[in-house]
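In the working numbering, the protein residues as written are 211 to 410.
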């Protein structure tokens, strides 16, 4: 692991910011954070496009899920952030730099936005901030973004943030609400030498 990676993954996580947002660490001991995490993971739109390995249906499961996230962050395997409004501090959603591979210098990004924050380009702005952090703070070379085929909103977020479409991964994600059937995934990616997107 490089010195930059070690520094960036030192506790506490930094708070990348820009485009009217600040990315802050989740606290699994905060009731407000746990409640927001539960709302995000039980939102019908989230569940339509994502089938987690471990279902989160109540407060106890949500807290355990956040604790698992915190452990992954502490181990340097991910950087998970609460998307917040830079002025008010209100929680708007989640974005994570996940499955960090320090040897091959890449990771996968994933995000969700709470219902009341949609329609304001929160995911686009958060992805731009998180990508900058991944490339400059974690010194990663490549970021991948995969979404279920048909998830046009996620496709637009990726393209606006400079993640071009690279291909379709056949049956690479669970079907909605099932772990015994699979669906295709659109793969987008961005590398560190790609130009920084200009968000309007």
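Even for Gly, the Cβ is constructed at its ideal location relative to N, Cα and C. Fair warning: this is a prediction, and the values are worked out from it, not measured in the lab.
The DSSP-derived three-state label of residue 313 is coil. For residue 290, the secondary structure class from DSSP, reduced to helix, strand or coil, is strand. For the segment 343–391, the full-length alpha helix (DSSP H) segments reaching 4 residues or more read 362–370 along the chain.
Only residues of its own chain outside the window of five on either side were considered, and among them 383, 384, 385, 386, 387, 388 and 389 have a CB closer than 8 Å to the CB of residue 261, listed in chain order. Per DSSP, residue 267 lies in no beta strand (DSSP E) segment and is marked neither H nor E. Using a 10 angstroms sphere on the CB of residue 360, the tally of other CB atoms stays under 16, which defines it as exposed. Apart from sequence neighbours up to five positions away, the residues of its chain that approach residue 404 with a beta-carbon distance below 6 Å are 372, ordered along the chain.
Taking residue 316 as reference, the option from 336, 301 and 347 with the minimal CA-CA separation is 347. Residue 243 and residue 345 have their C-alpha atoms roughly 27 Å apart.
DSSP lists no bridge partner for residue 332.
When DSSP states are grouped into helix, strand and coil, residue 296 belongs to the coil group. In the DSSP assignment, residue 246 falls within the alpha helix (DSSP H) that extends over 241–252.
By the 16-neighbour rule on beta-carbons within 10 angstroms, residue 391 is exposed. Taking the C-beta atoms as reference points, residue 287 is found nearer than 9 Å to residue 310. Linking residue 375 to residue 365 through their CA atoms gives a straight-line distance of about 8 Å.
By the CB criterion at 9 Å, residue 276 and residue 303 fall outside the cutoff.
Burial is judged here by how many other beta carbons sit within 10 angstroms of a residue's own beta carbon; residue 269 has fewer than 16 and is exposed. When secondary structure is reduced to three states using DSSP, residue 409 falls in the coil class, being assigned neither helix nor strand. DSSP places residue 236 outside both helix and strand once states are collapsed to three, so it counts as coil.
If the five residues before and after residue 266 are omitted, its C-beta is found closer than 6 Å to the C-beta atoms of 251, 272 and 275, all from its own chain and listed in chain order. Of the other Cβ atoms in all chains shown, fewer than 16 fall within 10 Å of the Cβ of residue 300; this residue is therefore exposed.
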